[in-house]
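Below you'll find the structure, written out as structure tokens, and then a few comments.
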Amino acid sequence: MTKLLVAAFLLAHGAIHAAFIGPRPPATAGGPAWPFELARSWLLTPAGFDADITRALGLALTAATLGGFALAALAVVGVLPIGVWFPTLFLGTVASIALLVLFFHPWLALGLVIDLGLLWLALAADWTPASILP
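Numbering (numbering that gives the first Met the number 0), first residue to last: 0 to 133.
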């Protein structure tokens, strides 16, 4: 049961990044700005990167994030070999960190905390699917 919860958490964390490529909800008067915006980066746009290049980089990072976390979740539940656990978790977290930093919005800070926590668990605490209770 615990492994299923961990896998579900990894899938959910990865899936929220799909909001970067999903349709934007209609704007409301006085409503908050949509935080999942790939057309403009606080870092790349002022550096002269074209909106198409910025969006393409964001799409690639989103795909790497989704794929990394999905594969890591499959390794947690034993569908994939345990050997893919760390590389796919690393891919998902690093791609997510890059995506959230390049297209930063204050609402996305929790995602950065989750990514850094997962990296710490895997690197410093030596956390693996084998260490998770069944």
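Cβ atoms here follow ideal geometry from the backbone N, Cα and C, with glycine treated the same way.
Because the structure is a prediction, the values reported are computed rather than measured.
Could you tell me the alpha carbon to alpha carbon distance between residue i and residue j, rounded to whole angstroms?
{"i": "H12", "j": "P45", "result": "29 Å"}
{"i": "W106", "j": "P86", "result": "27 Å"}
{"i": "L4", "j": "A55", "result": "32 Å"}
{"i": "I96", "j": "M0", "result": "28 Å"}
{"i": "A123", "j": "G67", "result": "20 Å"}
{"i": "F103", "j": "A50", "result": "16 Å"}
{"i": "D125", "j": "I81", "result": "14 Å"}
Does the Cβ-Cβ distance between residue i and residue j come in under 8 Å?
{"i": "L60", "j": "A94", "result": "yes"}
{"i": "L9", "j": "A63", "result": "no"}
{"i": "I131", "j": "V83", "result": "no"}
{"i": "T53", "j": "L79", "result": "no"}
{"i": "L90", "j": "G57", "result": "no"}
{"i": "F48", "j": "F35", "result": "no"}
{"i": "L88", "j": "A129", "result": "no"}
{"i": "L73", "j": "T92", "result": "no"}
Please classify residue i: does DSSP put it in a helix, a strand, or coil?
{"i": "S95", "result": "helix"}
{"i": "H104", "result": "coil"}
{"i": "V76", "result": "coil"}
{"i": "P25", "result": "coil"}
{"i": "F35", "result": "coil"}
{"i": "D125", "result": "coil"}
{"i": "T53", "result": "helix"}
{"i": "W41", "result": "coil"}
{"i": "G47", "result": "coil"}
{"i": "G110", "result": "helix"}
Would you say the beta carbon of residue i comes nearer than 7 Å to a heavy atom of the ligand NAP?
{"i": "A7", "result": "This structure lacks the ligand NAP, and indeed carries no ligand of any kind."}
Hey, residue i and residue j are a contact pair by Cβ (cut 8 Å); roughly how many whole angstroms apart?
{"i": "S40", "j": "L101", "result": "5 Å"}
{"i": "A17", "j": "L65", "result": "6 Å"}
Taking CB distances under 8 Å as the criterion, tell me whether residue i reaches chain D.
{"i": "T61", "result": "No chain D appears in the structure shown, which is made up of a single protein chain."}
Check whether the stretch 28 to 35 touches the stretch 108 to 116, taking contact to mean three or more Cβ pairs, one atom from each stretch, closer than 8 Å.
-> Because the criterion of three Cβ pairs below 8 Å is not met, the stretch 28 to 35 and the stretch 108 to 116 do not touch.
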